[in-house]
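The structure appears right after this line, and notes come after that.
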Amino acid sequence: MSRYQATPPVDSLVLYKTHPARVLGVGDKIEIQLDGGSTKRVRPKDIVLLHPGPLRSLGELETRPEGAVEDAWELLEGEQTTLEDLAELAFAEFTPVTAWASWLLVAEGLRFCGTPESITVRARAEVERDRAEREAKAAAERDWKAFLERMRAATPTAEDSGRLAEVERLALGQTDRSRILEALGYPQTPEHAHRALVEVAYWPANHNPYPARRGVPSEDAALAVPALDEDEPRLDLTHLAAFAIDDEGNEDPDDALSLEGERIWVHVADVGALVAPDGPLDLEARSRGANLYLPEGMVKMLPPETTTRLGLGLQPVSPALSFAMRCDEQGELHDIEVHRSWVRVQRLTYTEVERRLDEAPFAALRATVARFHARRQTNGATRLALPEVSVRVEDGEVRIRPLPRLESRELVTDAMLMAGEAAARLCLEHGLAIPFATQAAPDPADEASDLASMYARRRCFKPTRLLCEPDLHAGLGLPLYTRATSPLRRYSDLLVHQQLRAWLAGATPLDREQVVERVAQAELAATAVRRGERLSNQHWKLVYLRDNPGWRGEGVVVGLEERKAVVLVPELALEARVRTRERLALNDTLKLALADVDLPELNVSFRVLG
Numbered sequence: 001m002s003r004y005q006a007t008p009p010v011d012s013l014v015l016y017k018t019h020p021a022r023v024l025g026v027g028d029k030i031e032i033q034l035d036g037g038s039t040k041r042v043r044p045k046d047i048v049l050l051h052p053g054p055l056r057s058l059g060e061l062e063t064r065p066e067g068a069v070e071d072a073w074e075l076l077e078g079e080q081t082t083l084e085d086l087a088e089l090a091f092a093e094f095t096p097v098t099a100w101a102s103w104l105l106v107a108e109g110l111r112f113c114g115t116p117e118s119i120t121v122r123a124r125a126e127v128e129r130d131r132a133e134r135e136a137k138a139a140a141e142r143d144w145k146a147f148l149e150r151m152r153a154a155t156p157t158a159e160d161s162g163r164l165a166e167v168e169r170l171a172l173g174q175t176d177r178s179r180i181l182e183a184l185g186y187p188q189t190p191e192h193a194h195r196a197l198v199e200v201a202y203w204p205a206n207h208n209p210y211p212a213r214r215g216v217p218s219e220d221a222a223l224a225v226p227a228l229d230e231d232e233p234r235l236d237l238t239h240l241a242a243f244a245i246d247d248e249g250n251e252d253p254d255d256a257l258s259l260e261g262e263r264i265w266v267h268v269a270d271v272g273a274l275v276a277p278d279g280p281l282d283l284e285a286r287s288r289g290a291n292l293y294l295p296e297g298m299v300k301m302l303p304p305e306t307t308t309r310l311g312l313g314l315q316p317v318s319p320a321l322s323f324a325m326r327c328d329e330q331g332e333l334h335d336i337e338v339h340r341s342w343v344r345v346q347r348l349t350y351t352e353v354e355r356r357l358d359e360a361p362f363a364a365l366r367a368t369v370a371r372f373h374a375r376r377q378t379n380g381a382t383r384l385a386l387p388e389v390s391v392r393v394e395d396g397e398v399r400i401r402p403l404p405r406l407e408s409r410e411l412v413t414d415a416m417l418m419a420g421e422a423a424a425r426l427c428l429e430h431g432l433a434i435p436f437a438t439q440a441a442p443d444p445a446d447e448a449s450d451l452a453s454m455y456a457r458r459r460c461f462k463p464t465r466l467l468c469e470p471d472l473h474a475g476l477g478l479p480l481y482t483r484a485t486s487p488l489r490r491y492s493d494l495l496v497h498q499q500l501r502a503w504l505a506g507a508t509p510l511d512r513e514q515v516v517e518r519v520a521q522a523e524l525a526a527t528a529v530r531r532g533e534r535l536s537n538q539h540w541k542l543v544y545l546r547d548n549p550g551w552r553g554e555g556v557v558v559g560l561e562e563r564k565a566v567v568l569v570p571e572l573a574l575e576a577r578v579r580t581r582e583r584l585a586l587n588d589t590l591k592l593a594l595a596d597v598d599l600p601e602l603n604v605s606f607r608v609l610g
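Here this note's numbering is used: the sequence shown runs in plain steps of one and ends on residue 610.
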C-alpha cells in the first residue's frame, strides 16, 4: 500500500476536498480539524495523506518556504515524481509546510499536475502556452473589473464603446440579456438598459430608442430613381387651378384639389409612374410600409428624389393620377373617372385656405364636400374631436403646438375620402384586386359629444383592416373605401395606383393572391412604423415635461379606475393616471402640476392641485 493511501496518524496533514486538515483522532471514522478550528468526522476515503506529521497547528502552513521551484521543474521536466520527492527537490526538505507548499504547486496545475503519489511534470511548451493563457485571462479579468468600476462611476472611456454596444442591443430589443447589466445589478430589460446607457453618457439624455426598437429603418432609401416616361399619354389638366393644401412645413405634398364646374378633381402624385411592381423601389417601399414621421425628422419609404420629382407643386408641372367625380345633393358620387394627367399645382397651408373659405373656388368646394360629409354622418361616421398636437424637435428644443380644428382641414379630409371611395368603386367595377380599408361597426353605437364619451368611443373601435374583399368602413360611414391619396408615404396607396395604372394601360394587373401577399408584408412594416411614431411622440412629450419641471396645466377626467382617474391633458394631447382623494365625475377639470418623469419607462406622474 502506498504511504499516501495508508491510515493517517494523529497530527498528520491530510487533504480534505481542496483544503488542508489536521488529523485529531483515528477510528472507524477519522476526526479532522479544518482551517478556522472547526472539526469534522470523515471516512478514510474522503481524505488524502500529504504528510505524516507531526503538524501541531494548521497555522504553520501559512508560512511560505523559500525554494527553487523553477529549478526543480526544469530538472524533472517530462518525468513522473511524488509529492515527497518534489518537496525535497524544490525546498530541500519534506515537512508538513513544504508538503503543503508543493501540493499548492500541483493544485495550480501549471508546471505540475496529478496526485501526491504520481505527479506529472509538464513539458515547457505546455507550460508556456498555459502561462500565456492564464496571464491573458487574468489581464482580461482585471480589465473587466476596471470597466465595471468605470460604469459604476459613470466615467467610461472611448474604448468602452465597443463593450457598451452589448447593452445597446438589449436597449433596442435585439437581445434579452446583457452580461454588463447583470454584473452591475440592473434588471435585464430594455428600459433599464436605456437608463444605464444614459447614465454613462453613451446615449444622450434625450435619445429616442423607439424606431430602432421597433426595427424601423432610420435613413432614407439610397436607390436610383428612373426617369419619367415623357411619352406616356396623359390628360392635360394644367388649365385647372389645383391646390395642394397641407400643414406648414409639409415635405411630401402628394394630393391636390381642383373644381371644374360641378366636377371635383382630386389629383394624386403619380408615384406608380416611377415605381413599377417588383422593381427595386417597390420592394424597398414594401419592406418599409410607410414613411416614418418623427418629431426629430422624417424617414421616407422611397428615395427623396421621388418626392422631388413627383410631389405636387414642387415642379412647374407635375404628373398625377387624377380622380374626377360629381357629388349629388344626397352626397352620392357619380361620373367617376381616373386619368393619368399633367397638373399645375399651387401649394397652400390650411391656415391660408381657412381665411379664403368664402372665396372662389373654396366656397364651392366646401359646399360640394359638405354634402358628402353629411352623407357619411347619416351613415354613422364617427367624429372624435379629441385634442391633437404637433410635436417637433427644433434645434434640440421640443415644441408642442395644438392643432386647431379648421374647416379647411376637414374639407381636404373629406375630399380625400371622396377619392378613396371613387377609387374603390372603380376597382370593384373593373375587377381589380386592391386592399379595401374596412372597419367593423363599434358596440355600443352611442353618440360622443364630450371628451370622456369620445375617449370611450375611440376605445370601442376595432383597427382598420386591409382586405381584398370590399366591406363597410364604419368609422368613415362609407360602404366602400380604399386608401389612394398618399402613395408617396404609404405603400398600400401605391399598390392601388399600380393596379389602376395597369388597367389604364391595358396591361395585366396583379391578381388577388399577389395583392394579399404584398399587403401582408407592407402592413407588418407599417404597423412597426406607427408604433414607433406613437412611442416617439410620447417620448418627446415627456422630454418637454422633464425640461419644464414647473409645468402646470389642466386635465380632463375621461375615465375612472379604482383609486385613480384617467385624465387627458388637452394642451399636450397626453393621457395620464392620477391619484386623488376627491370624488370625481367624468369630464371634471383638474388643476395639475408635474410630479415626476421617468423617460426610460415612458412614465409621467402629476399631482392634483387644490
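Beta carbons: idealized from backbone N, C-alpha and C, even for Gly.
Only a predicted model underlies this, so the values are computations on that prediction, with no experimental measurement involved.
Per the coordinates, the alpha-carbon of N603 lies some 15 Å from the alpha-carbon of P209. From the listed residues E305, P52, L586, H267, the smallest Cα separation to P116 is found for P52. Within the region 359 to 440, the complete alpha helix (DSSP H) segments at least 4 residues long are 362 to 378, 407 to 429, listed from N- to C-terminus. For the 9 Å CB-CB criterion, L50 and L83 form a contact. For the pair of segments examined, the region 186 to 202 was found to touch the region 166 to 178: the number of CB pairs separated by less than 8 Å reaches three. The Cβ atoms of A21 and D35 lie closer than 9 Å to each other. Residue burial is scored here from C-beta neighbours: L237 has at least 16 other C-beta atoms within 10 angstroms and is therefore classed as buried. Of the other Cβ atoms in all chains shown, 16 or more fall within 10 Å of the Cβ of N291; this residue is therefore buried. If you draw a straight line from the Cα of V597 to the Cα of H194, it is about 15 Å long. Look at T485 here: in three-state DSSP terms it is coil, with no helix or strand label. Ranked by Cα distance from V317, the options T7, A241, L348, V369 are led by A241.
Between the alpha carbons of G261 and E332 lies a distance of about 17 Å. Contact annotation: G559 and V566 have beta-carbon atoms nearer than 9 Å. A distance below 7 Å between beta-carbons, with the five flanking residues on each side excluded, links V97 to the following residues of its chain, in chain order: E60, L61, T63, P65. Here DSSP, grouped into helix, strand and coil, assigns W203 to coil.
Between L590 and L609, the gap from beta carbon to beta carbon is short of 9 Å. For H267, the enclosing beta strand (DSSP E) covers residues 263 to 269.
Between A364 and K462, the alpha-carbon positions lie close to 35 Å from each other. For Q330, no pairing in a beta bridge is given by DSSP.
Spanning the alpha carbons of L428 and F436 requires a straight line of approximately 10 Å.
Per DSSP, the continuous beta strand (DSSP E) segment holding C113 begins and ends at 112 to 115. Residues of the same chain with a CB within less than 7 Å of the CB of L545, apart from the 5 flanking positions on each side, are W551, L594, V597, V604 in chain order. Under the 8 Å Cβ criterion, the region 297 to 313 counts as touching the region 264 to 272, having at least three qualifying pairs.
When L467, R483, A507 are compared, the shortest CA-CA separation from A520 is found for L467. Annotated three-state conformation of Q188 is coil, per DSSP. Leaving aside the five residues that flank V26 on each side, the residues in its chain whose CB is nearer than 8 Å to its CB run, in chain order, T7, P8, P9, V10. Residue pairing by DSSP puts V569 in a beta bridge opposite L574. In the three-state DSSP reduction, G477 falls in the coil class, being neither helix nor strand.
Judged by DSSP secondary structure, G559 falls outside any alpha helix (DSSP H) and instead within the beta strand (DSSP E) spanning 552 to 561. For M298, the enclosing beta strand (DSSP E) stretches over residues 297 to 299. Rounded to whole angstroms, D471 and D247 show a C-alpha spacing of 31 Å. As for any alpha helix (DSSP H) of minimum length 4 sitting wholly inside the region 60 to 102, the runs are 69 to 76, 83 to 91, ordered along the chain. Closest option to L172, judged by alpha-carbon separation, among W203, D511, T155: W203. In the three-state reduction of the DSSP assignment, V515 falls in the helix class. By alpha-carbon distance to D450, the top candidate from R383, E533, L584 is R383. Per DSSP, the continuous alpha helix (DSSP H) segment holding S161 begins and ends at 161 to 171.
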